[in-house]
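Here's the structure, in structure tokens; my notes come after.
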Amino acid sequence: MHSHSVSSDDSRASVEQYVKWIQVLRKRGHTIDGIVLTEHRKFDFDKDYSTLAGQYNVLVLKGSELDTRYGHFLVYGVTQALTQELDFSDTRMDARALMQAARQHDAIALPAHPGRFGIGLTDYIAQGESFHDVEIVERLNGGSRQGENERAEELCQSHNLVGIGGSDAHLTSHIATCMTDFKAEIKVESDLVDALLTKEFQPVWLKDIVNGASQS
Amino acid sequence: MAIELEYDRSLYGVEHKAGPFEITNEIIDRANSSTGETGPAFRSDEGAKEAGYRGRIAPPTLCCILVRQVSLPDVKVKFGRTQMHAGQRVEPKAPVYAGDQLTASSHLKDVYAKTGRSGTMVFVVWETTFSNQDGLVVAEVQESFAKRE
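Chains as they are written, first to last, in our numbering: chain D, 1 to 216; chain W, 1001 to 1149.
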């Protein structure tokens, strides 16, 4: 639900490396159906990973991770119209406007790593900001430092939010460290938006799911 | 309100040339020494020929050292108080041989803002293409500099 390829300025992993690494993880017994590329501050309309996806039997979807004045937000179901309405490179955009615009264009935006110190939604709420449209957050983030996922968990509990999991991978071997287990079958980005709206999912750690079963 | 980055946009599309840089055995020796390179192809003509090259080659990261000799103009970014080097990446395109004369051509690739744990930073990205005396592109180096609040 949250990964960065070389298309992002701070990642060194190619999509091919990700899907190959997923083959390794599958051989170790992990169930991984697909990944969502959420490149920083942009959406890659021109990138087509369908050949790779087919070759390695990994669903490869595309989204975005945008910088806002209230932290980073993951956007799924991005359309041309949404990118025309919002400047994805604007690091000072209002997250509330982003969430509303996303829904108007059949997409969905939700806070990434809300427990992150200094930039997570938790800090902005503590400063008195309110975000009534937030119903889902990234509860598990594979790039979190100690205590940050716990803060996200507390946020979910205190505000009755549901959570997804995302690896936030910038390196090949970090892909799928955290994932989201959906009840619905997802084949395209619009399926993903629909599945998020149902709220029938849960965040999981890769290490806790082996051979389709929870190890914890 | 979006951050309106203030900098010298007239630099876009301008190529800044530098060189020629003569790739001597001494330069290759120093590059090898700095990285602990021991590969035979980088050490001697004989080792290189055994590996299928026509002569001694320079380590692929040599152009990362040479790029620092390219004089680049001030982008005049009006943001932050601290500037730091933010990284390099090199894409080797062809072998660089001892005796080559390389030229560099640099251009401003991007200036953008991003936010993270430490606040907002503005990145300036330069892209430099190195070519040899035959006009063959041997490497592309991308170098970033960051300014922070």
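Just so you know, even glycine gets a beta-carbon here, dropped at the ideal spot from N, CA and C.
Taking each of D/Leu161, D/Val36, D/Gln84 in turn and checking the Cα distance to D/Glu200, the smallest one comes out for D/Leu161. Within chain D, the residues Thr91 have their CB atoms less than 7 Å from the CB of W/Ala1113, given in chain order. The beta carbons of D/Leu121 and D/Leu155 sit closer together than 8 Å.
Each of D/Gly34, D/His30, D/Leu82 was checked against the Cα of D/Leu98, and the nearest Cα belongs to D/Leu82. Inter-residue distance for W/Tyr1012 and W/Gln1142 is about 15 Å (C-alpha atoms, whole angstroms). When DSSP states are grouped into helix, strand and coil, W/Gly1116 belongs to the strand group. Given a length threshold of 4 residues, each whole run of the alpha helix (DSSP H) inside the segment 89 to 116 of chain D is given here in chain order: 95 to 104.
Taken in chain order, the whole beta strand (DSSP E) runs of length 3 or more contained in the segment 1012 to 1036 of chain W are 1016 to 1022. Among the residues of chain W, none has a CB under 8 Å from the CB of D/Asp44; the nearest is roughly 16 Å distant. For W/Thr1128, not one C-beta of chain D is nearer than 8 Å to its own C-beta.
Under the criterion of beta carbons closer than 8 Å, D/Ser3 and D/Ala169 qualify as touching, at roughly 4 Å. At least 8 Å separates the beta-carbon of W/Val1137 from that of W/Ala1104. Per DSSP, D/Val24 lies in no beta strand (DSSP E); the unbroken alpha helix (DSSP H) holding it starts and ends at 15 to 27. Less than 8 Å separates the beta-carbon of D/Gly165 from that of D/Cys178.
Of all alpha-carbon atoms in W/Gly1036, W/Phe1042, W/Arg1117, W/Glu1022, the one lying nearest the alpha-carbon of W/Leu1102 is that of W/Glu1022. Closest by C-alpha distance to D/Leu110, out of D/Tyr70, D/Asp90, D/Ser158, is D/Tyr70.
Pairing D/Tyr76 with D/Ala107 gives a Cβ-Cβ distance under 8 Å.
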